[in-house]
Amino acid sequence: MKKQFLTFVVLVASLGTASLVFAQQTTPPPMPPQATEFYTPVPPKVTPGAMNNQAPSDAIVLFDGSSLSGFVSAKDGSSPAPWKIENGELVVQRGTGDIQSKLAFGDAQYHVEWSAPTEIVGEGQGRGNSGFFLMGIYEVQILDSYESKTYTNGQAGSVYKQYPPLVNPLRGPGDWNYYDIIFKAPRFDKNGMLTSPATVTVLINGVLVQNNVILKGPTEYIGIPNYKAHADALPIKLQDHGNPVRFRNIWVRPL
Ligand code: MG
Numbered sequence: 008m009k010k011q012f013l014t015f016v017v018l019v020a021s022l023g024t025a026s027l028v029f030a031q032q033t034t035p036p037p038m039p040p041q042a043t044e045f046y047t048p049v050p051p052k053v054t055p056g057a058m059n060n061q062a063p064s065d066a067i068v069l070f071d072g073s074s075l076s077g078f079v080s081a082k083d084g085s086s087p088a089p090w091k092i093e094n095g096e097l098v099v100q101r102g103t104g105d106i107q108s109k110l111a112f113g114d115a116q117y118h119v120e121w122s123a124p125t126e127i128v129g130e131g132q133g134r135g136n137s138g139f140f141l142m143g144i145y146e147v148q149i150l151d152s153y154e155s156k157t158y159t160n161g162q163a164g165s166v167y168k169q170y171p172p173l174v175n176p177l178r179g180p181g182d183w184n185y186y187d188i189i190f191k192a193p194r195f196d197k198n199g200m201l202t203s204p205a206t207v208t209v210l211i212n213g214v215l216v217q218n219n220v221i222l223k224g225p226t227e228y229i230g231i232p233n234y235k236a237h238a239d240a241l242p243i244k245l246q247d248h249g250n251p252v253r254f255r256n257i258w259v260r261p262l
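Residue numbers (my numbering): 8 to 262.
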C-alpha cells in the first residue's frame, strides 16, 4: 500500500515536471513595450480654460452671465426661464420652479459654479438648497452644508440620498464653489430593461467627492430608487428649492 502510494507521488511529481518543461518550451517571447502602445486616433487638442474657470474651447456654454437663453422653465419645457440675472449671476427665484437646459445630454462632463445666500435662513435642507439634476432626474445636491448639519447623503456633493460626498471641501455662504461632474448615462434595451446603470464622478472645488459611483436609479426624496427607461439624452435641471442660490459659468462637454 505504502509502495503504491509512493509510486503515485513519484508519477504525479514527474508529470508535473514534464508539464513545467513543456510550458517553458511553449512560453512566447516577452512582449515588446511597443506592442501595447498605439498612436491613433489622436485625441483632439483642446485649449484648457484659465484658472478663472473659463470654459474650454470645445464646451457648450449653458450660462456665461449674459443671458438665460440656454434655459427654459421646467414646468412646461418651453416658456422662458423665470430666474433673474444680477451682476452676471443667475439667481433662483423662489416659487418660480426649476429651470432646464434647452439642449439634451447623455454622457457628459459638466462644470457649474454656485454660491449660497449670505443671508442665512433655515437649517439643514432648508439652507441654501438647490440641485444639479443630470438628465433632469439624477440630483447632485447643492446645499449650504458648509457649517450646517443635515443627513450626509443629502449634503452638498451627495448623489441625493444615495451617496454622501467623500469629503466636504465647501466654501462658505457668499463664496463660490465649483462642481466638475462626469456622468455616464444609464442604458436600456429596447424592452426598457436596464442594461447598464448610470455612473457619476464629482469634484467640488477640484476635490474628488464622488468616485465613479453607480446610481441606484433617479434620486428620490421618498422611497427606494428604481430605474425607469428614458431617452438617451435629456436636459439638465437646476432646482428651485426656495433659496436664492446663485449660479455662474455653467458649461458642458458631451462625451
Ligand atoms: Mg436640492
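Note that beta-carbon positions come from the ideal geometry of N, C-alpha and C, so glycine has one too.
- Just measuring C-alpha positions, the residue of LYS191, GLY104, LYS91, VAL209 sitting nearest THR202 is LYS191.
- Straight-line measurement puts the Cα of LYS156 at about 5 Å from the Cα of GLY131.
- Here the C-alpha atom of GLU120 lies approximately 21 Å from the C-alpha atom of THR103.
- Nearest Cα to ILE211 within the set ASN233, ASP196, ARG178: ARG178.
- For the set ALA66, ASN250, ARG260, ARG255, the Cα lying nearest the Cα of GLY129 is the one of ASN250.
- If you keep only unbroken beta strand (DSSP E) runs of at least 3 residues inside the region 36-122, you get 67-70, 78-80, 91-93, 96-98, 106-108, 115-122.
- Per the coordinates, the alpha-carbon of ALA111 lies some 34 Å from the alpha-carbon of ILE127.
- Between ASP105 and LEU262, the C-beta gap is not smaller than 8 Å, which leaves the two residues out of contact.
- With contact defined as three or more Cβ pairs closer than 8 Å, the region 85-98 and the region 66-75 are in contact.
- Relative to the Cα of LYS197, the nearest Cα in the group SER108, VAL79, GLY143, LYS235 belongs to LYS235.
- Nearest to ILE243 by alpha-carbon distance, out of TYR185, GLN169, PHE139, LEU150, is PHE139.
- DSSP links ASN184 through a beta bridge to TRP121.
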